[in-house]
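So the mapping is simple: this note's numbering equals the position in the sequence shown, first residue as 1, plus 2.
Cβ coordinates follow ideal geometry from the N, Cα and C atoms, glycine included.
Since this is a predicted model, take the numbers as computed values, not measurements.
For reference, the structure is listed below as structure tokens.
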Amino acid sequence: MNSNVLLLGPGPCNPSQRVLESLGAPTLGHMDGEFLDLVEEIKSGLRSLFKTENSVTFPISGTGSSGMEFLLVNFLEPGDKFVVGVNGVFGGRAANLAKRLGAEVIEVSQEWGRAIDNQEFIEVVKREQPKLAMVVNGETSTGVYQPMDGIGDAVHEAGGLLMIDCVTSLAGMPVEIDAWGVDVAFSGTQKCLSVPPGLSPVTISDRAVEVFKQRKNPVPSFYFDLEQLLMYVDGTGGRSYHHTPPINMIYGLHTSLTEILEEGLENRWQRHADAANYLIQEMESFGFSPFVPESERLNPLTTLSLPEGLDEAGIRARIRNEHMIEVGAGLGPMAGKIWRIGLMGNNAAPSSVDQLVEALKATLG
Ligand SMILES: Cc1ncc(COP(=O)(O)O)c(C=O)c1O
């Protein structure tokens, strides 16, 4: 196994040395007081990251998709209306999952590479009065960052709850759960948090907890049942055993939260913006061009249209094999059309861009 690859794809990115070392700390039991103190510190750190006062804020055991599935199984029941913005893979994934749960799914579509039209989304919400409405805040398949203006108010006026996917935006760009009126949100550790994949931080508003309590049917999942999970996570439920959490991953998340709060969230957002701008400037000199209009760009993940005639798969393979740098290919309909370059977490730095530029120069001749 070679651990020296610079991960500039769509995630995971390279964790810091401190995070990697913390993963190897001696494992504690999940009922151990020392471990439970760490869990409480993580809940508090995640509240700072999500910019929320929500008491129900914790990491789900599983990757980002588990956070999505956890929220949908708890907040949707058969026949419930779910309005979802689909402008890439992950809105589509949520629509697919909601259909499996028997929800009535109303998709608000947009061409890949553009944000959902807020006015159109708001009109659909007003008309359909959904129980749950969702947008992907950072769409990793296209590199789009969704503006949130007006969406929270509209969803609440229609009597619903607002959900966002902030897997790629959290800790890399503004995510303002309370200010945006978001009720439920999920993220992942392997992007701008710079932890290996394996945990999905989630946050749930008090209003959403009240809606959850009105469910007519039991949650069709044991592992993701919010009420069961809270009996351990909340601390007021006597910390009863539900499942054994991935203890060492939780050490890694704890270390990463310490690092992020030491740096300062706003400084971190700025670092991601600076790195993305530098990347675009350098890549334009090779004939790459930004795929997304400037106002809708997701700084942690830049998508670039390819120069005419570039053997993109061949060049990507050489960059990986000869220069030990991973860059991401286009996904789904974007395959062969764009590259996805992640400058996430610790990798959001000019030195990452410089290494990629040197590798490209050597490869393109
Ligand atoms: C925006 C978005 N949502 C959801 C996911 C799913 O996360 P995971 O692959 O960790 O299950 C990803 C993963 O790349 C993502 O980028």
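Query, Result
"In this structure, what does DSSP give as the bridge partners for residue 376?", "Past the edges of the chain, shown from 3 to 367, lies residue 376, and the structure says nothing about it."
"What are the start and end residues of each continuous alpha helix (DSSP H) run of 4 or more residues lying completely inside the region 126-174, in chain order?", "153-159"
"Given a threshold of 16 other Cβ atoms within 10 Å of its Cβ, counted over all protein chains shown, does residue 95 qualify as buried or as exposed?", "buried"
"Closest by CA to residue 58, which one among 357, 119, 235 and 79?", "235"
"Using the Cα positions of residue 175 and residue 341, report the straight-line distance between them to the nearest angstrom.", "20 Å"
"Within 7 Å: the Cβ of residue 258 and any heavy atom of ligand 1?", "no"
"Kindly list the residues whose CB is nearer than 8 Å to the CB of residue 108, restricted to its own chain and excluding five residues on each side of it in sequence; keep chain order.", "83, 84, 85, 86, 126, 130 and 132"
"Starting from the Cα of residue 148, find the closest Cα among 344, 297 and 230 and give me that residue.", "297"
"Under the three-state reduction of DSSP, which class applies to residue 187: helix, strand or coil?", "strand"
"Are the region 103-120 and the region 162-173 touching by the rule of at least three beta carbon pairs closer than 8 Å?", "no"
"Quick test of your reading: residue 198 and residue 190, contact by CB under 8 Å. State the CB separation rounded to the nearest angstrom.", "About 10 Å separates the two Cβ atoms, so there is no contact after all."
"Can you list, in chain order, the residues of its chain with a C-beta nearer than 8 Å to that of residue 44? Leave out the 5 residues immediately preceding and following it.", "60, 61, 252, 255, 256 and 259"
"Between residue 369 and residue 349, what straight-line distance do the alpha-carbon atoms span, to the nearest angstrom?", "Any answer about residue 369 is impossible in this case: the structure gives the chain only from 3 up to 367."
"Taking 8 Å as the threshold (beta carbon to beta carbon), is residue 321 in contact with chain C?", "Annotation note: the requested chain C is absent from the structure, which comprises a single protein chain."
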